[in-house]
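A.B. asks: With my numbering as the guide, the letters of the sequence shown map in order to residues 165 to 555.
Yeah, the Cβ is synthetic: ideal placement off N, Cα and C, and Gly gets one too.
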Amino acid sequence: MISVNDAIKIIETNCKALSTQKVDTVDSLGYTLSKSIISDLNFPPFDQSAMDGYALNFKEGANKYKIIGEVKAGDQDLNLKINPGEGVRIFTGAKIPSKCTTVIQQEWCIKNKTEIKFTQKPINKINIRKKGEQIQKGDKALKKEVNISPGLIGYLTGLGVEKVDVVMKPKIGIVITGNELTELGEKLEEGKIYESNSYMLIAALKKYNYDSINLYRTIDDYQKTKNKINSAIIENDVVLISGGISVGEYDFVEKSLINLNVKKHFYKVNQKPGKPLFYGSIEDKHIFGLPGNPGAALTCFYIYVLRLLSVLSAVKYPIKIKKVNLNSNYIKKSGRSEFLKVELKDNVAHICDFQNSSMLRAFENANALVYVDEKVESINPHQELDAYLLL
Ligand code: AMP
Ligand code: MG
165 MISVNDAIKI IETNCKALST QKVDTVDSLG YTLSKSIISD LNFPPFDQSA MDGYALNFKE
225 GANKYKIIGE VKAGDQDLNL KINPGEGVRI FTGAKIPSKC TTVIQQEWCI KNKTEIKFTQ
285 KPINKINIRK KGEQIQKGDK ALKKEVNISP GLIGYLTGLG VEKVDVVMKP KIGIVITGNE
345 LTELGEKLEE GKIYESNSYM LIAALKKYNY DSINLYRTID DYQKTKNKIN SAIIENDVVL
405 ISGGISVGEY DFVEKSLINL NVKKHFYKVN QKPGKPLFYG SIEDKHIFGL PGNPGAALTC
465 FYIYVLRLLS VLSAVKYPIK IKKVNLNSNY IKKSGRSEFL KVELKDNVAH ICDFQNSSML
525 RAFENANALV YVDEKVESIN PHQELDAYLL L
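1. Using 8 Å as the limit for Cβ to Cβ distance, is Asp384 near chain C?
2. Would you say Val479 and Leu404 are within 8 Å of each other, going by their C-beta atoms?
3. Tell me whether the segment 419 to 434 and the segment 388 to 397 touch, counting them as touching only if at least three CB pairs, one residue from each stretch, are closer than 8 Å.
4. Please name the residue or residues paired with Ala358 in a DSSP beta bridge.
5. Taking 8 Å as the limit between beta carbons, can you name the residues of its chain near Asn378, skipping five residues before and five after?
6. Contact between the segment 487 to 494 and the segment 505 to 515: three or more CB pairs below 8 Å?
7. Have a look at Lys427 and Leu323 and give me their C-alpha separation to the nearest angstrom.
8. Got a sec, what are the start and stop residues for the alpha helix (DSSP H) Tyr386 sits in?
9. I need the DSSP call for Ile174, collapsed to helix, strand or coil.
10. Can we say the segment 266 to 286 touches the segment 237 to 248, given the rule of at least three CB pairs closer than 8 Å?
11. With a CB to CB cut of under 6 Å and the five nearest residues on each side skipped, what residues in its chain are close to Ala368?
12. Is Glu279 helix, strand or coil by DSSP?
13. Hey, out of Gly453, Asn425 and Gly318, whose CA is closest to Ser410's CA?
14. Checking the sheet assignment: what are the DSSP bridge partners for Thr382?
15. Identify whether Gln270 lies in helix, strand or coil by the three-state DSSP scheme.
16. Gly407: beta carbon under 7 Å from a heavy atom of the ligand MG?
17. Decide if the segment 315 to 333 is in contact with the segment 189 to 199; the criterion is three or more beta carbon pairs, one per stretch, under 8 Å apart.
18. Considering only DSSP beta bridges, list what Ile377 is partnered with.
19. Please report the Cβ distance between Leu193 and Pro314, rounded to the nearest whole angstrom; I am assuming they are in contact, meaning their Cβ atoms lie under 8 Å.
20. Ends of the beta strand (DSSP E) at Arg548?
21. Quick one: grab the DSSP three-state call for Asn288.
22. Indicate the three-state DSSP secondary structure (helix, strand or coil) for Ala461 in the structure shown.
23. What are the start and end residues of the alpha helix (DSSP H) that includes Lys419?
24. Does the beta-carbon of Met165 have 16 or more other beta-carbons within 10 angstroms, so that it is buried, or is it exposed?
25. With a Cβ-Cβ cutoff of 8 Å, do Ser542 and Ser167 count as a contact?
26. Taking the C-alpha atoms as reference points, what is the distance between Lys439 and Ser521?
27. For Lys307, which residues does DSSP report across the bridge?
28. Restricting to Cα atoms, I'd like to know which of Ile383, Asp384, Leu365 and Glu279 is closest to Asp375.
29. Is Thr177 close to the ligand MG? I mean its beta-carbon at under 7 Å from any heavy atom of the ligand.
Take a look at the structure:
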């Protein structure tokens with residue numbers, strides 16, 4: 165049985181970023197750029213008014229201006245002849261007429277028919293967003309390796325960029341095993357439970373911007389399990405198998421994987437929850453056998469699966485790790501590393517009820533997992549621990 169840290173190391177050294185592809189900018193959220201982006205535009209593309217007010221052909225000392233026209237946002241060059249001491253009504257975002265050098269906000273102006281006067285002395289060269297002040301045509305708009313956020317989708321589409329080169333995201337297959345499982349919406353017969361790991365894992369994947377997901381279901385039958393896993397491996401980059409990886413007579417996942425020639429990198433980690441965790445690969449496909457117990461499956465997702473997915477898609481591991489203290493003493497009896505579901509309040513971790521690996525109710529309050537190393541036997545509130553923030 166290996167340690168948590170060794171398991172993480174094995175995963176991270178066994179995978180590398182996927183190849184690259186072009187995607188529509190509007191669908192690029194969460195992808196990492198594989199090529200830098202050169203701007204085809206100046207932004208803004210022209211001198212723009214930053215205010216609603218009056219654009220003036222500034223004349224030193226003048227305390228009133230004649231207003232000879234109006235320019236709205238979106239208007240083309242109106243070829244207005246604006247002499248010194250004259251101006252136009254203008255609105256935010258509108259193109260500054262060529263002879264105008266400043267915009268005075270309307271709050272400073274008093275209009276009387278075709279003339280304006282001022283409540284404050286007008287100033288030259290203010291309230292104009294200069295052409296290209298954010299970026300100039302031909303300049304690098306974004307460097308590669310940047311991860312695309314909502315702000316950057318706005319920035320790039322604002323520059324007219326329709327497609328971007330990115331590192332691909334993995335296609336993920338989820339294989340659900342278990343005779344006892346009933347699909348949501350169906351009647352629950354005696355001895356059965358509702359299947360929930362698929363929905364939980366899909367939600368977790370979507371939360372971290374992985375949405376290319378295929379779902380497979382099988383009963384606990386060796387041939388059927390093997391066939392489903394085989395299809396999932398063929399059709400995806402990463403396969404997450406739920407259940408069937410323990411040592412019971414009806415757990416067929418390990419045997420299936422071995423007979424499909426999946427190379428075992430580790431099986432069983434000295435941790436609680438999630439001891440019966442399997443990680444293997446075949447060619448460039450990665451396979452996790454996750455424990456069926458929902459609390460364990462989710463912990464393994466956050467700690468291991470998400471690390472693999474991050475390397476494959478060249479993004480930073482998205483879970484922040486922070487030093488925290490427990491609010492009370494804790495005696496660890498398991499002899500294993502533990503991931504405790506805690507509620508963090510101002511850096512102090514309160515251990516939640518319902519820690520059992522079969523349970524998920526702790527997530528009513530839990531917002532972090534606190535890591536207690538296998539070598540540690542007890543903790544007091546003065547010792548610092550790593551918390552994985554699940555927000
Ligand atoms: P297993 O790892 O297959 O031995 O399953 C361990 C425990 O998790 C058993 O109590 C299962 O009924 C439960 N379990 C397995 N798969 C699921 C699932 N997809 N949804 C909810 N519970 C599950
Ligand atoms: Mg099972």
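C.D. replies: If we stick to the structure as given:
1. The structure shown contains no chain C, having only a single protein chain.
2. The sequence position of residue 479 within the sequence shown is 315, counting from 1. The sequence position of residue 404 within the sequence shown is 240, counting from 1. Taking the C-beta atoms as reference points, Leu404 is found no nearer than 8 Å to Val479.
3. The segment 419 to 434 makes contact with the segment 388 to 397: 3 or more CB pairs, one atom from each, lie closer than 8 Å.
4. Taking the sequence shown and counting its residues from 1, one reaches residue 358 at position 194. Note on identity: in this sequence residue 358 is Tyr, with Ala being the wrong assignment. Bridge partners of Tyr358: Thr346.
5. Within the sequence shown, residue 378 is the residue found at index 214, counting from 1. Lys335, Ile336, Gly337, Ile338, Ala396, Glu399 and Asn400, listed in sequence order.
6. Result yes; three or more Cβ-Cβ pairs closer than 8 Å.
7. Start at 1 with the first residue of the sequence shown, and residue 427 comes out as number 263. Start at 1 with the first residue of the sequence shown, and residue 323 comes out as number 159. The straight-line gap from Cα to Cα measures roughly 47 Å.
8. Taking the first residue of the sequence shown as position 1, residue 386 is located at position 222. Tyr386 -> alpha helix (DSSP H) spans Tyr386 to Glu399.
9. Along the sequence shown, read from residue 1 onward, the residue named residue 174 stands at position 10. For Ile174, the three-state secondary structure derived from DSSP is helix.
10. The segment 266 to 286 is not in contact with the segment 237 to 248.
11. Within the sequence shown, residue 368 is the residue found at index 204, counting from 1. Apart from sequence neighbours up to five positions away, the residues of its chain that approach Ala368 with a beta-carbon distance below 6 Å are Phe465, ordered along the chain.
12. Position 115 of the sequence shown, counted from the first residue, corresponds to residue 279. DSSP, read as helix, strand or coil, puts Glu279 in strand.
13. For the purposes of this step, residue 410 is identified with residue 246 of the sequence shown, where counting begins at 1. Of the listed residues, the one whose Cα sits closest to Ser410 is Gly453.
14. The count along the sequence shown starts at 1 and reaches residue 382 at position 218. Paired residues: Thr341.
15. If you number the sequence shown from 1, residue 270 lands on position 106. DSSP, read as helix, strand or coil, puts Gln270 in helix.
16. Taking the first residue of the sequence shown as position 1, residue 407 is located at position 243. Yes - the ligand MG has a heavy atom lying nearer than 7 Å to the Cβ of Gly407.
17. Taking a cut-off of 8 Å for Cβ pairs, the segment 315 to 333 and the segment 189 to 199 touch, as three or more such pairs fall below it.
18. Numbered from its first residue, the sequence shown carries residue 377 at position 213. Ile377 is bridged by DSSP to Ile336.
19. Your numbering for residue 193 matches position 29 in the sequence shown. Your numbering for residue 314 matches position 150 in the sequence shown. Indeed they touch by this definition, with Cβ atoms about 7 Å apart.
20. Here residue 548 refers to the residue found at position 384 of the sequence shown. One point to set straight first is that residue 548 is Glu, not Arg, in the sequence displayed. For Glu548, the enclosing beta strand (DSSP E) begins and ends at Glu548 to Leu553.
21. Residue mapping note: residue 288 aligns to position 124 of the sequence shown, counting from 1. Residue state, collapsed to three classes: coil.
22. Locating residue 461 in the sequence shown gives position 297, where the first residue counts as 1. Ala461 carries a helical assignment under DSSP once its states are collapsed to helix, strand and coil.
23. In the sequence shown, the residue the question calls residue 419 occupies position 255. Counting along the chain, the alpha helix (DSSP H) containing Lys419 begins and ends at Val417 to Asn423.
24. What you label residue 165 is simply residue 1 of the sequence shown in a count that begins at 1. Met165 is exposed by the Cβ-count criterion.
25. On the sequence shown, residue 542 is found 378 positions in, with the first residue counted as 1. On the sequence shown, residue 167 is found 3 positions in, with the first residue counted as 1. No; because the gap between Cβ atoms is not below 8 Å, this pair is not in contact.
26. Position 275 of the sequence shown, counted from the start, is the residue given in the question as residue 439. Position 357 of the sequence shown, counted from the start, is the residue given in the question as residue 521. Lys439 and Ser521 have their C-alpha atoms roughly 10 Å apart.
27. The residue you call residue 307 lines up with position 143 of the sequence shown. When DSSP reads this structure, Lys307 sits in no beta bridge, so it has no partner.
28. If you number the sequence shown from 1, residue 375 lands on position 211. Closest option to Asp375, Cα to Cα, is Leu365.
29. Within the sequence shown, numbered from 1, the residue matching residue 177 stands at position 13. Every heavy atom of the ligand MG is 7 Å or more from the Cβ of Thr177, so no.
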